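K.L.:
Residue numbers (our numbering): 1 to 260.
(1) Please classify residue 47 as buried or exposed, where buried requires at least 16 other C-beta atoms within 10 Å of its C-beta.
(2) Once the 5 residues before and after residue 154 are set aside, which same chain residues still bring their CB inside 8 Å of it?
(3) Short of 7 Å in beta carbon distance, which residues of its chain neighbour residue 56, apart from the five on each side in sequence? Order them along the chain.
(4) Tell me the start and end of each unbroken beta strand (DSSP E) in the region 89-130 that is at least 3 residues and wholly inside, in chain order.
(5) Just how far apart, CA to CA, sit residue 72 and residue 108?
(6) Exposed or buried, what is residue 219 when buried is set at 16 or more other beta-carbons lying within 10 Å of its beta-carbon?
(7) Given this structure, state the Cα-to-Cα distance separating residue 227 from residue 194, to the nearest angstrom.
(8) Of all Cβ atoms in chain C, is any one closer than 8 Å to the Cβ of residue 176?
(9) Pairs of beta-carbons, one from the region 115-123 and one from the region 134-142, closer than 8 Å: are there three or more?
(10) Note down, in chain order, each residue of its chain lying with its Cβ closer than 7 Å to the Cβ of residue 252, except the 5 sequence neighbours on either side.
(11) Within 10 angstroms of the Cβ of residue 95, are there 16 or more other Cβ atoms? Answer buried if so, exposed if not.
(12) Rounded to the nearest angstrom, what separates residue 80 and residue 158 at their Cα positions?
(13) Residue 251 lies in the beta strand (DSSP E); which residues open and close that run?
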C-alpha cells in the first residue's frame, strides 16, 4: 500500500474559493494555503479579501473582488484561475447568507434572496467549475457549504435558511450521481455552530450566552461548540485524493448533533 499520508497531498493544486472573506471561506483559504494549494479567492468586500490573501501569501494567490451572484461572475472566476494557473482542480463554495424571521414576518423577497445566495449561486458556481474540469479531463473536487439546518428544522424563523441548505444537499447528491463517471467528486460540509464573527457572542461569559449555549450543548454529544480547526480535516479530506471514492455525501461537522 502507498503511504496513506500521500493521499492527502494537494500541493500545487489550484483551488477556487468563493466567500473567502467569510467564516468558512477564511478557514478554507488558510487550510488549502497551508497545504500548498495555489488559490483564487473571491469575495465582495475588497479590504477583507486582501486581508485573507495576505494571510495566505505562502502560496500564489489571485484575488477577484466579486461574488458568484451571476452566471458571468462565476465564469469570470473560473477564467481567472485558468488565466493565472492554467486549470481548476478544486472548488469550495463558501459564500452564502441567512435572514431570520418568522414566516408571517418574512417578505417573499427576503426568502428568495437567501435561496439565491445559497442555492442558485452554488449551482452556478458548480456548473462553471464542472465545465472547466470536464475540459481538463482528469477529474476534480467540488465542496459545497451546507449546514446541520439542511437536515433539521429550527423554531426561530429559519424557513429560508433550512430550505436553502436542504436544496444544497440535493444539489450535492444529484451532481454526485451525475458526475460520478467523470472523476469529479461533489460533496458538502455541514457544520453546526462554530466560532465565527457572527457566533462569537455564544462563546461569551454573560448570562445570555451561557443560557443559550447550555441549551444548545445539551443536544451536542461532544459537549462543546465547534472551532474553525474542526472544519480543517473534513475539508482536506474532501479536496484530496483520499476522498476519490466518496461523492454525493453531506459530511456533518457537528459534534454528533444530527446523530441524536
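Beta carbons: idealized from backbone N, C-alpha and C, even for Gly.
These numbers come from a predicted model, not from an experiment.
P.N.:
To lay it out plainly:
(1) Here residue 47 corresponds to residue number 47 of the chain shown, with the count starting at 1. By the 10 Å Cβ count, residue 47 comes out exposed.
(2) Start at 1 with the first residue of the chain shown, and residue 154 comes out as number 154. So the list reads 161, 162, once near-sequence residues are dropped.
(3) On the chain shown, residue 56 is found 56 positions in, with the first residue counted as 1. Closer than 7 Å at Cβ, skipping near neighbours: 29, 30, 33, 39.
(4) 90-93
(5) One-based indexing of the chain shown puts residue 72 at position 72. One-based indexing of the chain shown puts residue 108 at position 108. The straight-line gap from Cα to Cα measures roughly 25 Å.
(6) Working through the chain shown from its first residue, we reach residue 219 at position 219. It counts as exposed.
(7) Your numbering for residue 227 matches position 227 in the chain shown. Your numbering for residue 194 matches position 194 in the chain shown. When rounded, the distance between both Cα atoms is 5 Å.
(8) Judged by its chain identifiers, the structure shown contains no chain C, having just a single protein chain.
(9) no
(10) For the purposes of this step, residue 252 is taken as residue 252 along the chain shown, with counting starting at 1. If we look at residue 252 and ignore the five residues flanking it on each side, its Cβ neighbours are 148, 190, 258.
(11) In the chain shown, residue 95 corresponds to position 95, counting from 1. When all chains shown are included, residue 95 counts as buried.
(12) On the chain shown, residue 80 is found 80 positions in, with the first residue counted as 1. On the chain shown, residue 158 is found 158 positions in, with the first residue counted as 1. One C-alpha to the other measures close to 35 Å.
(13) As a position in the chain shown, residue 251 is number 251, starting the count at 1. Unbroken beta strand (DSSP E) run through residue 251: 250-253.
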